[in-house]
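Heads up: the structure comes next, in structure tokens.
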Amino acid sequence: MAGEARRGPGPRGGAVRELLLLLLLLCLRVPSGRPYNVDTESALLYRGPPNTLFGYSLVLHGHGANRWLVVGAPTARWLANASVVNPGAIYRCRIGGNPGLTCEQLQLGSPNGEPCGKTCLEERDNQWLGVTLSRQPGENGSIVTCGHRWKNIFYIKNENKLPMGVCYGMPSDLRTELSKRIAPCYQGSSSICRAST
Ligand SMILES: *[C@@H]1O[C@H](CO)[C@@H](O)[C@H](O)[C@H]1NC(C)=O
Ligand SMILES: *[C@@H]1O[C@H](CO)[C@@H](O)[C@H](O)[C@H]1NC(C)=O
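Mapped onto mature numbering (1 follows the signal peptide of the UniProt record, and there is no 0), the consecutive letters of the sequence shown carry residue numbers -35 to -1, 1 to 162.
Quick look at the structure:
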């Protein structure tokens, strides 16, 4: 019996037990604390390419009648330009009407690169795109994904690389050709990181 354990609970054990009891009581009393079960038997198991950290981040997304699981894989290869070293990517996996449970890589950014500013030269190798993913709440909310290891290598001759990070925002319909690159930490010649308002 728990109350007659051979080695007495001691003052610390007693306190822990009281705390557990208190937590239990709180759980019973707070009406919002409802338990639920995770359905493990009819789970949908989406698999990504190996060694890509597929699943590091994810959001559930809906647009019109379409339901998607959007998944980050921050060390994935980029299908649009294989010579960028493991830049990471995000994938969309359709929920429903997808018997093979397949996922498709979303193509963000221009394969041959794009200018990022007067004193900016991008390095996309190992940028960890897809490390974070978020979706605006509500209908038609857009999706944003970031790669915190994107670097500005403009000053590489006399300074270190500047790991400023990059984000891409895309509309709710996931038309990546309408995606926009955001580099919130690049401010011309200064490298002050300004949080979005
Ligand atoms: C792929 O990216 C590399 C590095 O940014 C660039 O030098 C090269 O031109 C790109 N290739 C294509 C086909 O866009
Ligand atoms: C969301 O998008 C759909 C299709 O583009 C459009 O018909 C609908 O009005 C939009 N809803 C809102 C709240 O903007």
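Cβ atoms here follow ideal geometry from the backbone N, Cα and C, with glycine treated the same way.
As the structure is a prediction and not an experimental result, all values here were calculated from the model.
When secondary structure is reduced to three states using DSSP, Glu(-18) falls in the helix class. Boundaries of the beta strand (DSSP E) around Leu98: Leu94 to Arg100. Under the three-state reduction of DSSP output, Thr141 falls in the helix class. A residue is called buried when at least 16 other Cβ atoms come within 10 angstroms of its Cβ; Thr17 meets this threshold and is buried.
Looking at Ala30, Gly29, Gly27 and Leu34, the one whose alpha-carbon comes closest to that of Leu10 is Leu34. Taking a C-beta distance under 9 Å as the contact criterion, Glu87 and Val131 qualify as a contact pair. Cys58 has its alpha-carbon roughly 17 Å from the corresponding atom of Leu94.
Contact annotation: Val96 and Pro39 have beta-carbon atoms nearer than 9 Å. Going by DSSP, Arg57 is part of the beta strand (DSSP E) stretching over Ala54 to Arg59.
In this structure, the beta-carbon distance from Tyr133 to Leu73 falls below 9 Å. A straight line joining the alpha-carbon of Ala54 with that of Leu143 spans about 17 Å.
Comparing alpha carbon positions, the residue from Pro14, Gly13 and His28 closest to Asp138 is His28.
Counting along the chain, the unbroken beta strand (DSSP E) around Cys111 starts and ends at Ile108 to Gly112. With respect to the C-alpha of Asn46, the residue from Arg89, Lys83 and Glu6 having the closest C-alpha is Arg89. In the three-state reduction of the DSSP assignment, Gly65 falls in the coil class, being assigned neither a helical nor a strand state. Arg12 carries a coil assignment under DSSP once its states are collapsed to helix, strand and coil.
DSSP places Ala38 inside the beta strand (DSSP E), whose first and last residues are Asn31 to Ala38. About 35 Å separates the beta carbons of Val50 and Asn105, which is beyond the 8 Å limit, so they are not a contact pair.
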